[in-house]
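Here's the structure, in structure tokens; my notes come after.
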Amino acid sequence: MMKKKSISASKASLVFFLCQMISALDVPLDSKLLEELSQPPTITQQSPKDYIVDPRENIVIQCEAKGKPPPSFSWTRNGTHFDIDKDEQVTMKPNSGTLVINIMNGGKAEAYEGVYQCTARNERGAAISNNIVIRPSRSPLWTKEKLEPNQVREGDSLVLHCRPPVGLPPPIIFWMDNAFQRLPQSERVSQGLNGDLYFSNVQPEDTREDYICYARFNHTQTIQQKQPISVKVFSTKPVTERPPILLTPTGTTSNKVELRGNVLLLECIAAGLPTPVIRWIKEGGELPANRTFFENFKKTLKIIDVSEADSGNYKCIARNILGSTHHVISVTVKAAPYWITAPRNLVLSPGEDGTLICRANGNPKPSISWLANGVPIAIAPEDPSRKVDGDTIIFSAVQERSSAVYQCNASNEYGYLLANAFVNVLAEPPRILTPANKLYQVILDSPALIDCAYFGSPKPEIEWFKGVKGSILRGNEYVFHDNGTLEIPAAQKDSTGTYTCVARNELGKIQNEVQLEVKDPTMIIKQPEYKVIQRYGHVSFECIIKHDSTLIPTVIWLKDNDELPDDERFLVGKDNLTIMNVTDKDDGTYTCIVNTTLDSVSASAVLTVVAAPPTPAIIYARPNPPFDLELTGQLERSIELSWIPGDENNSPITSFVIEYEDGLHEPGVWHYQTEVPGSQTTVQLKLSPYVNYSFRVIAVNEIGRSQPSEPSEQYLTKSANPDENPSNVQGIGSEPDNLVITWESLKGFQSNGPGLQYKVSWRQKDVDDEWTSVVVANVSKYIVSGTPTFVPYEIKVQALNDLGYAPEPSEVIGHSGEDLPMVAPGNVQVHVINSTLAKVHWDPVPLKSVRGHLQGYKVYYWKVQSLSRRSKRHIEKKILTFRGNKTFGMLPGLEPYSSYKLNVRVVNGKGEGPASPDKVFKTPEGVPSSPSFLKITNPTLDSLTLEWGSPTHPNGVLISYILKFQPINNTHELGPLVEIRIPANESSLILKNLNYSTRYKFYFNAQTSVGSGSQITEEAVTIMDEVQPLYPRIRNVTTAAAETYANISWEYEGPDHANFYVEYGVAGSKEDWKKEIVNGSRSFFVLKGLTPGTAYKVRVGAEGLSGFRSSEDVFETGPAMASRQVDIATQGWFIGLMCAVALLILILLIVCFIRRNKGGKYPVKEKEDAHADPEIQPMKEDDGTFGEYSDAEDHKPLKKGSRTPSDRTVKKEDSDDSLVDYGEGVNGQFNEDGSFIGQYSGKKEKEPAEGNESSEAPSPVNAMNSFV
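No gaps in the numbering here: position 460 of the sequence shown is 483 in the numbering used here, and each next residue is one more.
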């Protein structure tokens, strides 16, 4: 006789099962098959029963269905046919039943209120949707009323009534003041569930005229405001203390009815002085753990997910030092209908029987009614195969015309449930879904599962044959599964061959051939051995393998279960691992892993690294292996093992390790059994049933472990029932409609006998239902299909073998699959704490709508625009996750004075739910960043010109700039500080009445209404009252940059024969300056090897003079060009020419210096007399001669611009407003005072090579430009 078992759904593509005492077919999820089979309609998506719509938006009523052929759709409205063709505002989506009612194009939502129902119909039946009640949301205005001021004595109670307008859905109530700040609440002052504001006792600080009640209608995103209420508290001395009295509820008892699964809210608010404290108890029972919460300072008792067991009397007790009072609320929990067993689709063959069962519960008990194709079954066309028996429809000898969709309606006064279930009668010849000639490969002695996925109606019979003309397979060496799979529990070499699966029913016959190949197992025939090696020696581990010739093995070596070190000392050969020059860090366990496509084996050995022993020295070694093993006292569950120790090799044996081999289940694999002290040579061993034992002993000393002893004789124990059940049983759904039950299978020796199987049982928790059980083969997973979404199940898995069952297993709780959350968090509120931090609140989503394990909430927020610049930018959304049932969170790192949006989503194990409506909030102003730059130009005897750039990040509306400055004397002491406030629209300032030849330090920052930002500092000096220059000095550093090089020139005043050097680096970089030595005493240098399009900083210094260097200059190289011109500045003739020019200029400077010291007059005087004002008569560009100068004019101020240093511009590293960007080409030129040539500074434009009213060497840059 053939032996049949069930198999895990993970190993089968087609599952047939017996359900509800009928023989029903389950159609496999094969896409090609599904396209060919006829199927009645099934509603797949519909709008909620109570559908509140926004009257300003189009109304979309969803109705989606599937079926074969595709169904057609129709609608009823208020119980009568709804002809959408006669209403131009109503359209139906193509290939869908979803209605779109155009409200935004002239329609009125109120005109479409009513009860809608969708019908999906094809030739095999009709499915109907729920009754969908469409109602537009309403947010009416507050009725006008005259509110009298409330005058209350200190210590008395007070209730401020809100009485909001009735809206749909009801509004959310909150109290605020005129400044839109929430009124603080406490144990003394709090808002009730009805929206009223309760004062247990009033205090003088409660006096105010702006108690305002607000009603927020979330559906229409509107807020209505009640007229402000005035409260005036007058004091009487002394204030009389009062015992508690209840403000709400009134009386001593009241009643409350709540529905099962809802949230129960009970409230007690008491008056009294001192403020009473509220406590809650349940008479005759305890408040439910994990579902009870206290809100509103314990004035509100909240119990979530209530059930009938929560009915009873709840007492609130209000107490203060003067006494107490109480109120008892009698709670009755009713229940809208809920499913016990919802009807499921039936697929039957002609002539078969079946049943549809519809069982629901509720309080009161719901009534059950049936419909056929949307028509009450009493008036539906008769079907002789159908019989209705209360909540069950019994089908007998069905025919193809019996196909229909049946509706079960369970209803009571609190609601209804409607479920569609079709009966689909199919007559289909057999089909085999497993591909033809599929190749299966298994390892010798391991199970082989050969698939034959099939479908047919009536259900086909399956037979297996070996070979093309072989006989039918029978006998205990095969297992035939209900899904058609053939199992060979221990495949042998002769199992290789062709297997034929034949499926037949009364409509036909089909067969399919598959191939099975049995491969030899992979084995390590020479394992790596334990090694003790001296430091700096060489060691080798062997790993010689044997494998099936058709499989390609790969060998991997690990050290301490990790990859080998990346070290050339480790040499991996074909059959070994060699470690050269061993060090202490090489100590550890080395594992050889051999993998093929079908199996994997491994072996390990320990390497111990020791220091080289002194010579001569005693040789310590691992002990020799024990020998002469003997088994005595054989019993069913125990045996005695004895042995003789081997030589200990100068290190005493500390222990013996006993290992065993199971020749029946895992031949060649040795397992740890026990360990005994080194003085013991016998041990009593515990045994398991159905194991063919061999034992070996390993001796251990301080050096290491011996080689294993020779194995003992074998001892086979008798079979028995399993002693234990699988561990780690879990139930976690992988889809919304299934439950995946997994467990850790028993090891081979744990089976206690042949024929190991598992009995998997489950039932829905908290539902009066019987256990459903199935026996499966030696697998570790079973999938239960067709479960409700995320409901708890009781699960147990019991082991059994041919001799019987294991002990009764313990039950575990699992859940069916999760689905995405249905509801977005509501009442999202944002409280802006400061300019960079906000706190967001939301109401928790009901656990029932989470449809899974609540993991937390995600807040998406992003910046919309800056309020100061009014310019939008790329939106970068940020996400913050708050774990658990948290209802608030902080949003850090916001930008001041900006507009933000956020929304909140609930997260479960399946993913995120829908987002809440976007919430807009704005951050207040903050302090600005520092001004982008500050430069000081045009120094005179008593004035300086300051120019600056606005802050990169104003963080608000700038109201002014603050300038502070103070003089610095020669000992670096600071003088008195002067402060000037400058309007925000200014960008320059001339400071007058300064001291001549004085250094000043400036501090400059910007201000918003919040405060001052960070400051930028700079120093500058007014010019001296005589012309004599300071020696030594390097000034007027100028640069002319090309793509990869720059010409640097400067002026030098000081002793002859100075050795110059040029330092440079990337602007804004913190790297050290690079230094280039200038050959000779020339006053120019060419920097090469620069990066195109890069800003550089540069300065010039002289060797041997500490701290003697010029100010910094900044330049930018040009962008990379496709072609290059000849670099004249690097040509030898040009360098020679420039050296000669520099030498002549140096001689001329020396002559001028000598003549001036002698008091003489030279030609500069003539030009100065001719052009008294250098601002009106600038030096000729093409002349290059000096203006006349005489030392007889003592104490005349220097000509404007003649002494201006070149380092008065402060450049902000991260500024976007680089002045270089305003230049022409790559060589942007600047005036000596740092202002940019052109219109940037608003001053008169100067020539690029302007003179300095004194002797100056011609710039090599200008010389080079004359050649270009």
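Think of the CB as a built atom: it goes at the ideal place given N, C-alpha and C, for glycine as much as any other residue.
Alpha carbon to alpha carbon, how far is residue 1293 from residue 663? In the structure displayed, the chain extends from 24 to 1291; residue 1293 sits before or after that span and is not available.
Three-way DSSP call (helix, strand, coil) for residue 1165 in this model: Annotated three-state conformation of residue 1165 is helix, per DSSP.
Apply the 10 Å Cβ neighbour rule to residue 583 and answer buried if 16 or more other Cβ atoms are within range, or exposed otherwise. By the 10 Å Cβ count, residue 583 comes out exposed.
Looking at the strands, I want to know which residues DSSP matches up with residue 138. 156
Going along the chain, which unbroken runs of the beta strand (DSSP E) with 3 or more residues stay wholly within the segment 654–737? 661–667, 678–685, 689–700, 705–709 and 715–723
Would you check whether the ligand GDP has a heavy atom nearer than 6 Å to the C-beta of residue 1094? The ligand GDP is not part of the structure shown, which contains no ligands of any sort.
Which of the three DSSP states, helix, strand or coil, is assigned to residue 365? Three-state result, residue 365: coil.
Are residue 449 and residue 480 close, meaning C-beta to C-beta below 7 Å? yes
Since I believe residue 1073 is in contact with residue 1037 (beta carbons under 8 Å), could you give me their beta-carbon distance rounded to a whole number of angstroms? About 34 Å separates the two Cβ atoms, so there is no contact after all.
Ignore the nearest five residues each way along the sequence and tell me which others in residue 1112's own chain have a CB closer than 8 Å to its CB. 1067 and 1068
Beta bridge counterpart(s) of residue 954 as assigned by DSSP: 974
On the premise that residue 80 lies in contact with residue 68, defined as a C-beta separation below 8 Å, what is that separation, rounded to the nearest angstrom? Residue 80 and residue 68 do not touch by the CB rule: their CB atoms are close to 20 Å apart, not below 8 Å.
Please tell me whether residue 517 and residue 543 are closer than 7 Å, where the distance is taken between their beta carbons. Not closer than 7 Å, so no.
Is the Cβ-Cβ distance between residue 275 and residue 160 less than 7 Å? No. Outside cutoff.
What are the partner residues of residue 1023, as DSSP defines its beta bridges? 990 and 1043
Enumerate in chain order the residues of its own chain whose CB-to-CB distance from residue 1203 is below 7 Å, with the five nearest sequence positions on each side excluded. Here residue 1203 scores only 37 on pLDDT, less than 50, and its place in the model should not be relied on; the value that follows carries that caveat. Correct list: empty, nothing qualifies.
Measure the alpha-carbon distance for residue 830 versus residue 213 and round it to whole angstroms. 58 Å
Can you tell which of 95, 174, 1099 and 1083 has the C-alpha that lies nearest to the C-alpha of residue 1124? 1083
Could you name the residues of the same chain whose beta carbon sits closer than 6 Å to that of residue 474, not counting the 5 residues immediately before and after it, in chain order? 457 and 508
So, helix, strand or coil for residue 1073, using DSSP? In the structure shown, residue 1073 sits in a strand (DSSP, three-state: E or B).
Excluding the five sequence neighbours on either side, which residues of its own chain have a C-beta within less than 6 Å of the C-beta of residue 205, listed in chain order? 199
Measuring alpha carbon to alpha carbon, tell me which residue in 758, 715, 250 and 753 is nearest residue 737. 715
Buried or exposed: which applies to residue 140, given that a residue is buried once 16 or more other Cβ atoms fall within 10 Å of its Cβ? Residue 140 counts as buried, since at least 16 other C-beta atoms from the protein chains shown sit within 10 angstroms of its C-beta.
Helix, strand or coil at residue 402 [DSSP, three-state]: coil
Residue range of the unbroken beta strand (DSSP E) whose run includes residue 943: Taken as a continuous stretch (DSSP letters only), the beta strand (DSSP E) holding residue 943 covers 942–945.
Ranges of the beta strand (DSSP E) found wholly within the segment 746–774, counting only runs of at least 3: 750–755 and 761–767
Rounding to the nearest angstrom, what Cα-Cα distance links residue 271 and residue 293 in this structure? 7 Å
My understanding is that residue 115 touches residue 124, with C-beta atoms under 8 Å, so please give their C-beta distance in whole angstroms. So it is not a contact: roughly 11 Å between Cβ atoms.
Run through DSSP, which three-state label would residue 1203 get? Bear in mind that the predicted position of residue 1203 carries a pLDDT of just 37, short of 50, making it too unreliable to give a figure here.
Between which two residues does the beta strand (DSSP E) containing residue 220 stretch? 220–222
Same chain, Cβ closer than 8 Å to residue 599, five either side skipped, listed in chain order: So the list reads 563, 564, 565 and 566, once near-sequence residues are dropped.
Spatial neighbours of residue 523 in its chain, beta-carbon cut-off 6 Å, leaving aside the 5 residues before and after: 488, 534 and 536
Do you know offhand how far residue 59's Cα is from residue 759's? If you take the alpha carbons of residue 59 and residue 759, they lie about 26 Å apart.
Straight-line CA distance for residue 345 to residue 284? 40 Å
Terminal residues of the continuous beta strand (DSSP E) containing residue 929? 921–931
Would you call the CB atoms of residue 1301 and residue 921 closer than 7 Å? The chain is shown only over 24 to 1291; residue 1301 falls outside these bounds and no answer can be derived.
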